[in-house]
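Here the structure comes first, spelled out in structure tokens, and everything after it is commentary.
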Amino acid sequence: MQRALFSRSALLAQQAAAALDSPLAARGAPLLQRLERSMSSVTIPPPACMLRPLEVPNRYLFGPGPSNVPPRILAAQGRPIIGHLHPEMYEIMNDIKRGIQYIFQTENNLTIAMSGSGHAAMECAVFNTVEPGESVLVAVNGIWGERVAEIAERMDIDILYSGSQKALNSPPGTAPISFNERACDKMFNRKTKPVSYLFDMTHLSNYWGCDGQPARVYHHTGPVSGFFALREGLAIVAEKGLEASWKKHKDVASYLYRGLEDLGLKLFIPDRDLRLPSVTTIAIPDGYNWRELLAYIMKHHQMEMTGGLGPSIGMVMRIGLMGYNCEETKADMALHALADALKNCKKSKV
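Sequence positions in the sequence shown follow full-length UniProt numbering and run 1 to 350.
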């Protein structure tokens, strides 16, 4: 039996060899060779940068965001990846929804986290509520006012959104957003579809289990690790208490104000009640180049502070002490770095 199988195999091999030697095979050989080359050869070599290990400096992020991330949230991002449609993932998304409802102090059912930055949440709000031909009133109050295309009623906010990378302790990449009933009525009774499929709240409301349907349908692959981080960031706020978080940001901001004034620096917003507790704007001191000050602080202290944005470029420097960085010890570090920069950077005589 084995001899018979061997003989048959040998016969098939001979037939295959004969076929390869035939005139037809000879004519097709160049094509086969080209196909082999196209499938096997690599014309672009591996980039040298990809052959080096990843190096990320350890810096103090005292700008307007992102902020430094606490170890608990870094650990959350390092947890094993699970499927974005697994039941455990849905439970985490449910936790996130409840956490956002808490920090926004809302009972809005349609409360989710966008896969994207705060700008993604802003575009989602616009794309879902504004149809072609409709007029939009834009309230200008700094650069973010210039970007937004829907304003809130004085006593009833229809849509509220934020970013994960500031006081929520989380890395950038997710954006809490909440819609009230009036906004939902506008969105779900529009005459045309939103211009963006990704931001279409008809699909996103189902993806987040907010539409009352028994099953969630695939819409997009959410940032699984980013949702882990956001969930823990919201949990930290819930554990410490929202009012305690508000108070701490105000107290640390007041501590920073006093330190800046002791250095002879002038706060850009004279009225304390109009200042944002999370980000402090400092008028650029006379005679100094603000870029040189910030570059010195980065080089010698591995600390990020930033200049102005939009119309305030060249007028202010900004210090953000939010979330994990909202501590008097961090304020002291920022003040020390500023004092060092003022001492060692050249001051113009003009």
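Every residue, glycine too, gets a C-beta built ideally from N, C-alpha and C.
Can you say whether residue i is buried or exposed, counting buried as having 16 or more other CB atoms within 10 angstroms of its CB?
| i | result |
| --- | --- |
| Asn58 | exposed |
| Asp332 | exposed |
| Glu232 | buried |
| Trp290 | buried |
| Ile82 | exposed |
| Tyr218 | exposed |
| Cys124 | buried |
| Gly323 | buried |
| Ala120 | buried |
| Arg272 | exposed |
| Met317 | buried |
| residue 357 | Any question about residue 357 goes unanswered here, given that the chain covers just 1 to 350. |
| Glu304 | buried |
| His301 | buried |
| Gln165 | buried |
| Ala253 | buried |
| Met50 | exposed |
| Asp286 | exposed |
| Lys248 | buried |
| Gly310 | exposed |
| Pro171 | buried |
| Asp158 | buried |
| Val42 | exposed |
| Asn325 | buried |
| Ser67 | buried |
| Ala295 | exposed |
| Asn189 | exposed |
| Leu230 | buried |
| Lys330 | buried |
| Thr221 | exposed |
| Ser278 | buried |
| Gly212 | exposed |
| Ala175 | buried |
| Ser245 | buried |
| Pro314 | Contrary to the premise, residue 314 reads as Gly rather than Pro in this sequence. It counts as exposed. |
| Gly65 | buried |
| Asn169 | buried |
| Ile297 | buried |
| Leu256 | buried |
| Ala75 | exposed |
| Ala183 | buried |
If you run the structure through DSSP and keep just helix, strand and coil, what is residue i?
| i | result |
| --- | --- |
| Tyr90 | helix |
| Phe199 | coil |
| Ser164 | coil |
| Thr174 | strand |
| Leu74 | helix |
| Thr221 | coil |
| Leu342 | helix |
| Leu137 | coil |
| Ala330 | Checking the displayed sequence, the identity of residue 330 turns out to be Lys instead of Ala. Lys330: helix per DSSP, three-state reduction. |
| Tyr337 | The sequence shown places Ala at residue 337, rather than the Tyr named in the question. Reduced to three states, the DSSP call for Ala337 is helix. |
| Asn189 | coil |
| Arg154 | At Arg154 the pLDDT is 40, less than 50, meaning the model places this residue with poor confidence and gives no usable figure here. |
| Gln33 | helix |
| Ala120 | helix |
| Asn169 | coil |
| Cys210 | coil |
| Ile100 | helix |
| Asn68 | coil |
| Ala125 | helix |
| Pro311 | helix |
| Leu54 | coil |
| Ser41 | coil |
| Leu204 | helix |
| Gly83 | coil |
| Ala48 | helix |
| Glu146 | For Glu146, the predicted model reports a pLDDT of 49, less than 50, meaning its position is unreliable; a value from the coordinates is still stated below. Here Glu146 sits in helix by DSSP. |
Run through the DSSP bridge pairs and tell me what residue i is partnered with.
| i | result |
| --- | --- |
| Glu304 | Leu61 |
| Arg318 | Thr281 and Thr306 |
| Ile159 | Phe179 |
| Ile112 | Ile177 |
Whether or not the segment 187 to 195 and the segment 129 to 137 are in contact is what I'm after, with contact meaning three or more pairs of Cβ atoms, one per stretch, closer than 8 Å; do they touch? Touching, yes.
Validate contact between the segment 196 to 206 and the segment 87 to 102 using beta carbons, cut 8 Å, 3 pairs: By the Cβ criterion, the segment 196 to 206 is not in contact with the segment 87 to 102, since fewer than three pairs of Cβ atoms, one from each stretch, lie closer than 8 Å.
Counting pairs of beta carbons, one from the segment 199 to 210 and one from the segment 46 to 66, are three or more of them closer than 8 Å? The segment 199 to 210 vs the segment 46 to 66: no contact.
Give the list of continuous alpha helix (DSSP H) stretches no shorter than 4 residues that lie fully inside the segment 229 to 302. List check, alpha helix (DSSP H) in window: 242 to 262 and 290 to 301.
Are there three or more Cβ pairs, one per stretch, closer than 8 Å when the segment 105 to 119 is compared with the segment 176 to 184? Yes, the segment 105 to 119 touches the segment 176 to 184.
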